[in-house]
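Asks:
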Amino acid sequence: MRTRSLRIGLLLGSLGAFALGAAVAAWWRAPARSDAERGVDEAPAPPEPAGRPAPGPPRAAAPRPAEVPAPTPTGTLCGEVLAPGGRPAVGALVNARSLGQTVTTQADAAGRYCVDGLAEGTWGLLAQWKGQSSEPLEGVPLAAGERLEGLVLKVGGGLTLRGRVLDAQAQAPLVGARLSASSGAWEGLWEGVTDRSGAFEVTGLPRGRIELRATAEGYEAAHSVVDLSDGRDVRGIELFLRPLGRVEGSVRAPHGPPVPGAVVVAEAYELGSWRASAETRTDADGRFSLPVASGTLRLLARKPGYAAGVVDDVVVEPGEAVGPVEILLRTAGSLRVAVLRADGTPAVGASVRAGPREGPWVTGTTGADGEALLSGLSSGTVAVEGVDPAAVPPQRAEGEAVVSRGMESRITLVLSEGGYVTGRVLDAQGRPVEGVPVVAHAQGGARGGASRSDRSGAFSIPALPGRPLTLVAHAPDGREARYEGALAGEEVDLVLQAVGRLVGQVLDSDGQPLVEFTVVTVPKAPGPGSGRGGYRRVSVVDESGDFAIEGLPPGDYWVKALAPGYATGRAGPVWVPEGGEGGPVRIELDATAVVSGRVLGPEGEPVRGARVSISLAGLRGSVFGGLDLPRTRSGADGRYTLRGVPPGTHRILAYVSGRLSGASAPLDLEPGARRSGVEIRMRRLPLGHHRSDAPRDFGGVGMTIARLEAGVTVLSVVEGGPAFLGGVRTGDRLLAVDGVPVAGLELEEIVRRIRGPVDTMVRLRFLRSGSDTPFEARLVRVLLKL
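First residue of the sequence shown: 11, per the working numbering; consecutive thereafter.
1. Residues in the same chain with beta-carbon distance under 8 Å from G595, minus the five sequence neighbours each way, listed in chain order, please.
2. Just checking my contact of A106 with V125 at CB under 8 Å: how many whole Å lie between their CB atoms?
3. Enumerate in chain order the residues of its own chain whose CB-to-CB distance from R245 is below 6 Å, with the five nearest sequence positions on each side excluded.
4. Looking only at C-alpha atoms, which of V772, V150, P403, T422 sits nearest to A498?
5. Closest to Y123 by C-alpha separation, out of A473, V100, A496, S623, would be which residue?
6. DSSP three-state call for E786: helix, strand or coil?
7. Classify E719: buried if its beta carbon has 16 or more other beta carbons within 10 angstroms, exposed otherwise.
8. Would you decide whether L87 is buried or exposed? Buried here means 16 or more other CB atoms lie within 10 Å of its CB.
9. Going by DSSP, what residue range makes up the alpha helix (DSSP H) through L695?
10. Return the first residue and the last residue of the alpha helix (DSSP H) that V584 is part of.
11. Can you tell me where the beta strand (DSSP E) with E211 in it begins and where it stops?
12. Assuming L310 contacts V320 under a Cβ cut-off of 8 Å, what Cβ separation, rounded to an integer in Å, is found between them?
13. Round the Cβ separation of P216 and G141 to the nearest angstrom and send it over; I've been treating them as touching at under 8 Å.
14. Rounding to the nearest angstrom, what Cα-Cα distance links V448 and T204 in this structure?
15. Return the chain-ordered list of same chain residues with a C-beta closer than 7 Å to the C-beta of D678, the five sequence neighbours on each side being excluded.
16. Under DSSP, the alpha helix (DSSP H) around L512 begins and ends at which residues?
17. What's the gap between the Cα of Q111 and the Cα of S192?
18. Since I believe T723 is in contact with G712 (beta carbons under 8 Å), could you give me their beta-carbon distance rounded to a whole number of angstroms?
19. Please list, in chain order, all residues of the same chain as R420 whose beta carbon is under 6 Å from its beta carbon, the five residues on each side excluded.
20. Is I690 closer than 8 Å to V655 when the C-beta atoms are compared?
21. Determine the direct distance from the alpha carbon of S299 to that of G228, and round the result to whole angstroms.
22. Looking at the structure shown, is A401 part of a helix, part of a strand, or coil, going by DSSP?
23. Determine whether the beta carbon atoms of I715 and L755 lie at a separation below 8 Å.
24. CB A483 to CB T432, shorter than 8 Å?
25. Tell me the residue span of the beta strand (DSSP E) that contains A473.
26. Skipping 5 residues on each side, what residues in its chain have a beta carbon closer than 7 Å to that of A154?
27. From the DSSP output, in three-state form, read off K795 for me.
28. From R653 to E156, what distance separates their C-alpha atoms?
29. Find the nearest neighbour of V394 within the set A400, M417, A360, E427, judged by alpha-carbon distance.
30. Let me check understanding here. Comparing Cα to Cα, which of V622, D518, G589 lies closest to L572?
31. I'd like to know if the segment 380-392 and the segment 409-425 are in contact, where contact means that at least 3 CB-CB pairs between them fall below 8 Å.
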């Protein structure tokens with residue numbers, strides 16, 4: 011075992027975990043599946059036959075000869091834990107963590123420790139002792155078989171969070187709510203429980219940003235991020251938990267009989283995808299009762315032998331029971347997917363999936379013959395994808411197939427080889443920098459491959475064709491570099507810069523500090539490298555209303571502040587110097603109004619599930635991603651409560667997709683006003699207003715455009731969407747789509763070119779006001795809902 015000795019104190023700033031060498035990126039990976047995705051074991055009612063019957067279970071793969079891999083030598087991290095004053099922290103618990111794996115040990119009578127059996131990679135260390143914690147020591151590289159000495163962990167005073175957990179509706183304290191605090195990748199190490207008054211205390215926390223999570227039975231979880239960088243305890247935190255709602259109903263087969271044992275999943279739409287939020291099974295009578303978080307949900311039911319049944323737009327309010335909802339399963343088809351490598355040999359162990367682009371997907375893995383049978387597919391045209399996660403560089407293929415009820419269809423995918431993003435890590439003078447970890451992220455934040463710069467500053471990261479990557483380089487001294495939209499085959503220079511910080515204060519309109527708020531920073535400069543780099547969204551709890559946003563690359567920034575019950579406030583642009591401090595920024599927020607009333611149909615009947623918002627008159631778009639509009643939906647009796655309405659003159663709008671729309675009379679709202687009894691009478695939309703064949707779900711980039719006098723201009727951008735993260739901002743002028751100039755094209759044709767299949771790339775060329783140099787945004791389309 012090789013031994014390397016380092017004397018390392020506290021490392022300020024997290025390097026983040028990274029894999030050594032050119033780690034293979036599983037750029038598309040079948041998501042972790044619920045029982046609904048995997049299917050269940052009970053035998054279904056026989057499906058209606060149509061043509062050649064769908065086959066039974068997939069053929070068993072031929073057994074492979076047993077292979078006994080050579081054992082990989084493990085490494086060891088050693089050092090000492092020091093208590094305040096420099097004395098040994100006897101018996102301190104030392105935690106080592108890498109890529110979700112945690113190994114623990116205890117310090118001996120001299121405060122020394124050794125953590126054995128560690129795999130090759132990058133590790134973090136954290137010590138706990140008598141209610142106190144050390145600062146996390148991140149980014150410790152460990153080679154196979156290596157023993158690393160001299161890792162010093164200094165235990166500090168241990169910081170404390172105090173506050174209360176309340177029922178969001180009754181405003182009453184919640185007893186027995188559980189609190190869990192996390193620091194970066196360190197989760198589950200600090201906990202607390204509320205007492206009879208709903209009060210909690212979480213102790214022993216390290217400095218830095220802490221994510222606090224509160225849970226209680228029968229309630230939705232609540233989160234808050236608290237900044238402990240200044241080493242002071244924080245009190246006065248209030249977390250409000252909303253009661254869960256409930257959806258009740260039944261699952262039936264194509265010809266009407268109830269389906270017992272079907273898996274029912276409630277999914278919530280988040281920008282770009284559906285996220286499973288709750289799951290249950292039907293009883294012997296095919297009925298289900300499912301506790302769910304409030305919101306607009308999609309219900310998905312699955313049972314082997316059937317295609318999934320889906321019910322969209324199920325609106326659930328906090329504490330409300332909705333139903334009965336009937337989910338009808340459909341007669342299924344199946345698809346046999348053969349995956350070949352470029353040389354024609356079967357791709358064993360490839361991940362495959364098929365389904366409509368908006369989901370749900372059916373997933374599988376190819377066997378020894380390179381084939382996988384995907385059952386339970388709905389009839390029609392489905393997208394098919396295959397990825398070989400073991401190939402270096404990674405390989406991928408996609409296609410389309412037609413699935414028929416009760417039949418087995420077949421498709422062959424031939425994998426295309428990816429490539430590498432290469433480049434150099436340089437300092438500000440253009441000199442190469444050795445030993446800097448470079449991590450790649452797929453658009454949307456999914457972790458990809460990683461590398462480390464060599465003596466010449468060079469790095470290489472595997473990439474799938476047509477999949478732009480975000481590259482992030484973090485030097486041990488805190489300098490960083492970032493590049494958006496790198497493609498396979500490209501060479502990129504990552505120039506390290508010292509990051510700075512932006513400070514300020516958030517106040518109400520009377521000049522009093524707000525205790526709990528969120529601050530968002532957005533870089534002013536467009537183009538590659540500016541998307542995620544300076545974009546930060548930080549929740550703050552501070553009695554003085556002060557905030558500090560760390561780790562910002564140098565440049566101009568727009569800043570906005572949000573707080574419950576207040577209209578959004580904005581400031582900027584503010585300059586952040588390299589390695590320095592920008593600000594201070596002062597942002598004052600006006601209290602928002604609350605408007606309540608009823609939504610009624612053309613005959614005066616209550617309308618359930620109408621989308622309620624405010625008119626755009628008097629509002630303006632912003633560089634942050636469009637308009638900050640309050641939104642809600644009407645309940646079963648047509649009643650609605652719209653919170654967060656900014657002061658001003660507004661109409662309250664209601665809309666039922668493609669069928670009904672309406673607006674209230676104009677309302678003059680002062681800060682903090684409460685207006686009740688506001689009625690919205692809806693009218694039927696003209697025939698043809700909404701084409702029945704127009705897609706409600708589509709692949710897009712999250713922006714709206716219009717043809718103005720200056721040209722095709724971006725009106726709004728969805729914060730956190732592909733366009734926003736790619737550096738596109740309100741007011742940018744669109745010049746070309748995939749190299750085709752938009753001048754002379756009809757607006758409908760431009761939109762058609764921007765939209766496309768989910769998970770495909772589009773290149774958009776823009777010009778920003780005040781600049782003579784166009785910039786290109788390489789964006790991957792995500793699932794969007796109308």
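For each residue, glycine too, the CB sits at the ideal point set by N, CA and C. Quick caveat: nothing in here was measured; it's all calculated off a predicted structure.
Replies: Reading off the structure:
1. Here the question's residue 595 lines up with position 585 in the sequence shown. With the sequence shown as reference, residue 595 is identified as Val, and Gly is not the correct amino acid for it. Counting only Cβ-Cβ distances below 8 Å, and skipping sequence neighbours, we find L512, V513, G514, Q515, V569, A581, G582, V584.
2. By 1-based counting over the sequence shown, the position of residue 106 is 96. By 1-based counting over the sequence shown, the position of residue 125 is 115. A106 to V125, Cβ: 4 Å. Contact.
3. Here residue 245 corresponds to residue number 235 of the sequence shown, with the count starting at 1. Correct list, in chain order: R172.
4. Locating residue 498 in the sequence shown gives position 488, counting from the first residue. Selected option, being the one with the closest Cα: P403.
5. By one-based count along the sequence shown, residue 123 stands at place 113. Checked all of A473, V100, A496, S623; the closest Cα to Y123 is V100.
6. Numbered from its first residue, the sequence shown carries residue 786 at position 776. Strand at E786.
7. Counted from its first residue, the sequence shown places residue 719 at position 709. By the beta-carbon neighbour count (other beta carbons within 10 angstroms, threshold 16), E719 is exposed.
8. Your numbering for residue 87 matches position 77 in the sequence shown. L87 comes out buried.
9. By one-based count along the sequence shown, residue 695 stands at place 685. From DSSP, L695 is part of no alpha helix (DSSP H); its letter is neither H nor E.
10. By 1-based counting over the sequence shown, the position of residue 584 is 574. Counting along the chain, V584 falls outside any alpha helix (DSSP H), though it belongs to the beta strand (DSSP E) covering 579-586.
11. Counted from its first residue, the sequence shown places residue 211 at position 201. Per DSSP, the unbroken beta strand (DSSP E) holding E211 starts and ends at 209-215.
12. Within the sequence shown, numbered from 1, the residue matching residue 310 stands at position 300. Within the sequence shown, numbered from 1, the residue matching residue 320 stands at position 310. Confirmed, Cβ separation roughly 6 Å.
13. Reading the sequence shown from its first residue, position 206 is the one you call residue 216. Reading the sequence shown from its first residue, position 131 is the one you call residue 141. In fact, because the Cβ distance is near 12 Å, the residues do not count as touching under 8 Å.
14. One-based indexing of the sequence shown puts residue 448 at position 438. One-based indexing of the sequence shown puts residue 204 at position 194. Their backbone Cα atoms lie some 42 Å apart in a straight line.
15. As a position in the sequence shown, residue 678 is number 668, starting the count at 1. For D678, where only same-chain residues beyond five positions count, the Cβ hits under 7 Å are T659.
16. Sequence index remark: in the sequence shown, residue 512 carries index 502 (1-based). In the DSSP assignment, L512 falls outside any alpha helix (DSSP H) and lies within the beta strand (DSSP E) extending over 510-518.
17. Reading the sequence shown from its first residue, position 101 is the one you call residue 111. Reading the sequence shown from its first residue, position 182 is the one you call residue 192. Across the structure, Q111 and S192 are spaced so that their CA atoms are roughly 15 Å apart.
18. In the sequence shown, residue 712 corresponds to position 702, counting from 1. In the sequence shown, residue 723 corresponds to position 713, counting from 1. 16 Å between Cβ atoms; not a contact.
19. Your numbering for residue 420 matches position 410 in the sequence shown. Result list for R420: R346, in chain order.
20. Reading the sequence shown from its first residue, position 645 is the one you call residue 655. Reading the sequence shown from its first residue, position 680 is the one you call residue 690. Not closer than 8 Å, so no.
21. Here residue 228 corresponds to residue number 218 of the sequence shown, with the count starting at 1. Here residue 299 corresponds to residue number 289 of the sequence shown, with the count starting at 1. Rounded to the nearest angstrom, the two C-alpha atoms are 14 Å apart.
22. Residue 401 sits at position 391 when you count from the first residue of the sequence shown. Assignment of A401 by DSSP, reduced to helix, strand and coil, places it in the coil class.
23. Here residue 715 refers to the residue found at position 705 of the sequence shown. Here residue 755 refers to the residue found at position 745 of the sequence shown. Contact flag unset, no.
24. Walking along the sequence shown from the start, residue 483 turns up at place 473. Walking along the sequence shown from the start, residue 432 turns up at place 422. It is not a contact, given that the beta carbons lie outside the stated cut-off.
25. What you label residue 473 is simply residue 463 of the sequence shown in a count that begins at 1. Here the beta strand (DSSP E) through A473 covers 468-473.
26. For the purposes of this step, residue 154 is identified with residue 144 of the sequence shown, where counting begins at 1. So the list reads T82, P83, G85, E130, once near-sequence residues are dropped.
27. What you label residue 795 is simply residue 785 of the sequence shown in a count that begins at 1. In the three-state scheme derived from DSSP, where H, G and I count as helix and E and B as strand, K795 is classed as strand.
28. Position 643 of the sequence shown, counted from the first residue, corresponds to residue 653. Position 146 of the sequence shown, counted from the first residue, corresponds to residue 156. Taking the straight line from one Cα to the other gives about 58 Å.
29. Numbered from its first residue, the sequence shown carries residue 394 at position 384. It is A360 whose Cα lies nearest to the Cα of V394.
30. What you label residue 572 is simply residue 562 of the sequence shown in a count that begins at 1. For L572, the closest alpha carbon among the candidates V622, D518, G589 is that of D518.
31. Because the criterion of three Cβ pairs below 8 Å is met, the segment 380-392 and the segment 409-425 touch.
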